[in-house]
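To keep things clear, I will list the structure first and then write my remarks on it.
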Amino acid sequence: KKQFHINRKQSDPDKVRAKECNKNKIDMAIEMLQRAWKYGIRAQYLLADSWFACEKLIAAVRSIGKGAVHYIGLAKMGKTKYEVRGKLHNARELITLYAREETHQCRQYKCLYISLRAQLGNQPVRIFLIKYGKNKNWNILLCSDMEMGFVRAFELYQMRWNIEVLNYEKYIIMIS
Numbered sequence: 001k002k003q004f005h006i007n008r009k010q011s012d013p014d015k016v017r018a019k020e021c022n023k024n025k026i027d028m029a030i031e032m033l034q035r036a037w038k039y040g041i042r043a044q045y046l047l048a049d050s051w052f053a054c055e056k057l058i059a060a061v062r063s064i065g066k067g068a069v070h071y072i073g074l075a076k077m078g079k080t081k082y083e084v085r086g087k088l089h090n091a092r093e094l095i096t097l098y099a100r101e102e103t104h105q106c107r108q109y110k111c112l113y114i115s116l117r118a119q120l121g122n123q124p125v126r127i128f129l130i131k132y133g134k135n136k137n138w139n140i141l142l143c144s145d146m147e148m149g150f151v152r153a154f155e156l157y158q159m160r161w162n163i164e165v166l167n168y169e170k171y172i173i174m175i176s
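With UniProt numbering, letter number 115 in the sequence shown gets 115, and the count goes up by one each step, no holes.
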């Protein structure tokens, strides 16, 4: 037997939703941001998880409202190349190159960080390589606002984490 289906109009909400399900998360995030701006929801920053750190999303965020929105988010410590001082390096290479001379201490958050100006493809970004306490692992925080300092970027990114924890706790309470 053939599977049952109904031919639906292009404008039907369920047809639109079915199309959205087949798109990748970066394209959907870009569409959602553009739709929010169109409907009058104004934001200064997009706070994102490491899954969303890519040149395509950062470029789309910066194009919204003629550069009114900035991107702040973690990135993966992978093979992504950043152009720093005219040369391409991944995050591990940046740590090796700049750890001795560029490392700063943030007593407020008990961490070490390296602040670098870089390019991710064509997008200018501020890279903060962060090492918490006595942990040996480094994290990378990207920010499209080139004038923002480490403490401000860190505080803004913490808001994303607090929202995520709040939603998780709400979900746990609802299912129990």
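Even glycine gets a Cβ: it sits at the ideal position worked out from N, Cα and C.
Inter-residue spacing [alpha-carbon to alpha-carbon] between residue i and residue j
| i | j | result |
| --- | --- | --- |
| residue 61 | residue 46 | 7 angstroms |
| residue 9 | residue 34 | 24 angstroms |
| residue 155 | residue 145 | 14 angstroms |
| residue 68 | residue 86 | 27 angstroms |
| residue 102 | residue 115 | 7 angstroms |
| residue 117 | residue 172 | 40 angstroms |
| residue 3 | residue 21 | 20 angstroms |
| residue 1 | residue 14 | 24 angstroms |
| residue 123 | residue 174 | 41 angstroms |
| residue 97 | residue 143 | 20 angstroms |
| residue 176 | residue 158 | 27 angstroms |
| residue 23 | residue 88 | 31 angstroms |
Residue i, DSSP secondary structure in three states
| i | result |
| --- | --- |
| residue 90 | coil |
| residue 4 | coil |
| residue 107 | coil |
| residue 118 | strand |
| residue 132 | strand |
| residue 41 | coil |
| residue 137 | coil |
| residue 126 | strand |
Cβ pair residue i, residue j closer than 8 angstroms
| i | j | result |
| --- | --- | --- |
| residue 188 | residue 18 | Absent from the structure is residue 188, since the part of the chain shown begins at 1 and ends at 176. |
| residue 95 | residue 138 | yes |
| residue 140 | residue 91 | yes |
| residue 99 | residue 128 | no |
| residue 53 | residue 76 | yes |
| residue 110 | residue 133 | yes |
| residue 82 | residue 119 | yes |
Bounding residues of the alpha helix (DSSP H) (the contiguous stretch that carries residue i)
| i | result |
| --- | --- |
| residue 64 | Looking at the DSSP string, residue 64 is not in any alpha helix (DSSP H), and its letter there is neither H nor E. |
| residue 18 | 13–21 |
| residue 169 | 150–175 |
Sequence-distant residues of its chain with Cβ nearer than 8 angstroms to residue i (five each side left out)
| i | result |
| --- | --- |
| residue 27 | none |
Residue i - containing beta strand (DSSP E), residue span
| i | result |
| --- | --- |
| residue 75 | 70–75 |
| residue 83 | 82–84 |
Cβ neighbours of residue i in the same chain (closer than 7 angstroms, five flanking residues each side left out)
| i | result |
| --- | --- |
| residue 106 | 113, 150, 151 |
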